[in-house]
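To convert, note that position 129 of the sequence shown is 114 in the numbering used here; the numbers rise steadily by one, no gaps. Glycine included, every Cβ here is placed at the ideal spot set by N, Cα and C. A short worksheet on the structure shown next.
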Amino acid sequence: MQKGKFIVLDGNDGSGKATQSRMLVKRLSDENIASLTIDFPGYDRNFFGAFLGECLAGKHGDFLHMDPKVASAIYALDRLESSKEIFNALEQSEVVIADRFSSSNQIHQGGKIADERERVLFLEWLDKMEHNVLEIPRPNLIIYLRVPVEISLKLLSDKRATKNKLLGEGIKDTVEEDRTYLERSHETANWLSTHQKNWKVIDCVSQSGMRSVEDIHAEVREIVDRLITG
-14 MQKGKFIVLD GNDGSGKATQ SRMLVKRLSD ENIASLTIDF PGYDRNFFGA
36 FLGECLAGKH GDFLHMDPKV ASAIYALDRL ESSKEIFNAL EQSEVVIADR
86 FSSSNQIHQG GKIADERERV LFLEWLDKME HNVLEIPRPN LIIYLRVPVE
136 ISLKLLSDKR ATKNKLLGEG IKDTVEEDRT YLERSHETAN WLSTHQKNWK
186 VIDCVSQSGM RSVEDIHAEV REIVDRLITG
């Protein structure tokens, strides 16, 4: 029986998932709560993570338009490689904090499907494949950090100035370049947030602009505390 709690931080590209993960892990450490932090894809950790890095860099054809089931299977295999580590931490009553997980497959691969009924059927297939067939751990909580598409695109443009070393200097991340793809992914995330009981949404942008990381984290902490103490 699972003793710990499994929490995923996900969100639009540029929403600060990694920053919020680090802040949450530090807070848990300060409170002497044992935790494991893990990020996906496991570019430098897993066999399939490294392969995904090549795909996202455009080294294996048009990954953006690959059939969503095929692409999802590759991402799922990356998570499968890390499943034992996650299960072991949960058995030790640790809190596992993941920067992206199966929710990213739901969001980004579901975003490839325009028809809503087909998208729902795909999401059902995806859930069965990941959690029933491959027995990848199911998160207790998914916190989705929501940023409007236009702001997300601007943040990504700024980030590209420093380049992602894992994808190679000067190589575009073809997925992040596609505006329509991001818009559909955003729509999928909004649908999931209203149909999945373990999803909680935090809006990272207010009427006055982007919220501070501290302000966002206060909301993250409140949601996490309810799970841990509940």
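Secondary structure at Y166: helix, using DSSP grouped into helix, strand and coil.
Here M195 carries a strand assignment [DSSP, helix/strand/coil]. When C-beta atoms of the region 129 to 138 are compared with those of the region 183 to 203, three or more pairs fall below 8 Å, so the two segments count as touching. Residue pairing by DSSP places T22 opposite I82 in a beta bridge. The way I'd put it, the region 195 to 213 does touch the region 0 to 11; three or more beta-carbon pairs between them come closer than 8 Å. The secondary-structure analysis by DSSP pairs L(-6) across a beta bridge with D84, I128.
Boundaries of the beta strand (DSSP E) harbouring D188: 184 to 188, taken from the DSSP string.
Annotated three-state conformation of K44 is strand, per DSSP. Annotation: M195 to E172 spans about 20 Å, alpha carbon to alpha carbon. In the three-state reduction of the DSSP assignment, G34 falls in the helix class, which pools H, G and I.
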